[in-house]
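Asker: Residue numbers (our numbering): 154 to 270. Every residue, glycine too, gets a C-beta built ideally from N, C-alpha and C. Got a structure for you, written out below as structure tokens; questions coming shortly.
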């Protein structure tokens with residue numbers, strides 16, 4: 154249980170760091186996390202959770218109407234990268250950018266997708 158709390162806390166710090174990066178990269182202002190979507194954000198940030206169904210995540214992205222989505226994989230989730238990319242691409246989300254980065258001591262990978270539909 155403590156490990157999950159720690160992972161959630163690390164992810165929150167990373168999300169704030171990434172939101173700043175994304176605003177400059179895509180010159181957009183409306184960025185929302187997947188679990189707090191309201192309205193139609195330009196970009197949806199998806200913290201990867203191996204316990205959540207990919208179909209459910211992609212469905213939420215489609216419902217949001219966001220043009221871009223950015224998936225965050227923590228270091229321990231790197232093995233899931235091919236699964237994420239494959240599922241997103243077969244559902245009309247094209248991989249346009251991959252970046253490995255760190256926030257404090259936490260390494261992560263950011264996968265940016267653009268909606269094709």
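Which residues in the same chain have their Cβ closer than 8 angstroms to the Cβ of residue 182, if we skip the five residues on either side of it in sequence?
Answerer: 176, 195
Asker: Answer yes or no: do residue 190 and residue 217 have a C-beta to C-beta separation smaller than 9 angstroms?
Answerer: yes
Asker: Under a three-way DSSP split, which group does residue 253 fall into?
Answerer: strand
Asker: Please state whether the Cβ-Cβ distance between residue 251 and residue 168 is less than 9 angstroms.
Answerer: no
Asker: Hey, would you say residue 242 sits closer than 9 angstroms to residue 236, going by beta carbons?
Answerer: no
Asker: Just curious, the beta strand (DSSP E) that residue 226 is in, first and last residue?
Answerer: 221-227
Asker: Is it true that the CB of residue 221 sits closer than 9 angstroms to the CB of residue 263?
Answerer: no
Asker: According to DSSP, simplified to helix, strand and coil, what is residue 281?
Answerer: Any property of residue 281 remains undetermined from this structure, which presents the chain solely from 154 to 270.
Asker: Please return the same chain residues whose Cβ sits closer than 8 angstroms to the Cβ of residue 154, not counting the five positions on each side in sequence.
Answerer: Legend: pLDDT at residue 154 = 37, less than 50; position of this residue unreliable, no value from coordinates given.
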